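Here the structure is laid out as structure tokens; the discussion comes afterwards.
In our numbering, the protein residues as written are 257 to 444.
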């Protein structure tokens with residue numbers, strides 16, 4: 257009911273932004289920055305209801321890319337990253353005086369932009385978790401299957417040894433490691 261209805265915003269000192277409706281009766285995914293670049297509305301039609309909304313700020317290219325249900329709605333450049341002293345606010349605008357109807361079921365934040373295969377894995381996970389897999393494009397890698405994530409499979413156990421196979425998903429952090437405890441006390 258307000259053009260400023262926002263799924264989330266980063267508020268405080270400039271630069272900051274909100275991802276607002278851009279229309280009083282329809283959510284059209286508008287990037288509304290202060291000191292970060294230009295306004296951009298990513299959709300000319302209503303984009304509300306149960307969906308997976310993604311806003312990926314890629315600091316290596318200075319591009320914001322917006323996805324809905326695994327399909328890109330386009331990109332826009334930004335001229336500065338949000339001020340580190342700002343505050344993340346969910347389901348309100350920067351002024352915290354306009355609140356949309358509805359709810360956010362889950363929000364995931366990463367410190368870097370994921371590569372497409374990692375992004376698709378998260379989309380698949382969320383789509384299957386929330387019953388939205390039918391919204392994914394037909395070509396999506398996880399439209400019909402639930403993605404698998406980190407796990408350790410115990411292959412064999414002997415009297416003084418064991419064989420395991422780690423399958424790790426790396427989201428750009430430190431090198432993954434596997435530490436094994438054995439014996440009657442930790443680390444033998």
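Glycine included, each C-beta is placed from N, C-alpha and C at the ideal position.
Note that this is a predicted model, so its numbers are computed, not measured.
Taking the straight line between their C-alpha atoms, what separation do you get for residue i and residue j?
{"i": "residue 444", "j": "residue 356", "result": "The pLDDT assigned to residue 444 is 47, lower than 50, so where the model puts this residue is not dependable; a value taken from the coordinates is nonetheless given after this. Distance between the alpha carbons of residue 444 and residue 356 is about 56 Å."}
{"i": "residue 278", "j": "residue 301", "result": "11 Å"}
{"i": "residue 264", "j": "residue 363", "result": "10 Å"}
{"i": "residue 295", "j": "residue 286", "result": "7 Å"}
{"i": "residue 271", "j": "residue 351", "result": "14 Å"}
{"i": "residue 274", "j": "residue 280", "result": "15 Å"}
{"i": "residue 427", "j": "residue 385", "result": "Note that residue 427 scores a pLDDT of 47, beneath 50, so its modelled location is shaky and nothing firm can be said."}
{"i": "residue 396", "j": "residue 405", "result": "17 Å"}
{"i": "residue 379", "j": "residue 361", "result": "14 Å"}
{"i": "residue 284", "j": "residue 349", "result": "15 Å"}
{"i": "residue 310", "j": "residue 371", "result": "14 Å"}
{"i": "residue 445", "j": "residue 398", "result": "In the structure as shown, the chain starts at 257 and stops at 444, and residue 445 therefore has no counterpart that could be examined."}
{"i": "residue 328", "j": "residue 369", "result": "14 Å"}
{"i": "residue 266", "j": "residue 297", "result": "18 Å"}
Answer yes or no: do residue i and residue j have a C-beta to C-beta separation smaller than 9 Å?
{"i": "residue 400", "j": "residue 306", "result": "no"}
{"i": "residue 318", "j": "residue 333", "result": "yes"}
{"i": "residue 268", "j": "residue 343", "result": "yes"}
{"i": "residue 326", "j": "residue 383", "result": "yes"}
{"i": "residue 324", "j": "residue 312", "result": "no"}
{"i": "residue 276", "j": "residue 299", "result": "no"}
{"i": "residue 303", "j": "residue 321", "result": "no"}
{"i": "residue 359", "j": "residue 381", "result": "no"}
If contacts are defined as beta-carbon pairs under 8 Å, then residue i and residue j qualify, I think. What distance do you get, rounded to the angstrom?
{"i": "residue 354", "j": "residue 258", "result": "5 Å"}
Task: Contact between the stretch 390-400 and the stretch 337-348 (3+ Cβ pairs under 8 Å) - done: Contact fails: fewer than three Cβ-Cβ distances are below 8 Å.
Open item on the list: Could you check whether the stretch 360-380 touches the stretch 286-299, counting it as contact only if at least three pairs of C-beta atoms, one from each stretch, sit closer than 8 Å?
Closed with: The stretch 360-380 is not in contact with the stretch 286-299.
Task: Whole runs of the alpha helix (DSSP H) within the stretch 349-413, excluding any shorter than 4 residues - done: Entirely contained in the stretch 349-413, the alpha helix (DSSP H) runs reaching 4 residues are, in chain order, 372-385.
Task: Sequence ranges, beta strand (DSSP E) only - wholly within the stretch 265-299, length at least 3 - done: Every unbroken stretch of the beta strand (DSSP E) spanning 3 or more residues and falling wholly within the stretch 265-299 is given here in chain order: 272-276, 286-290.
- [ ] Any chance you could list the beta strand (DSSP E) runs of at least 3 consecutive residues sitting entirely within the stretch 301-334, in chain order?
- [x] List check, beta strand (DSSP E) in window: 309-314, 319-324, 327-333.
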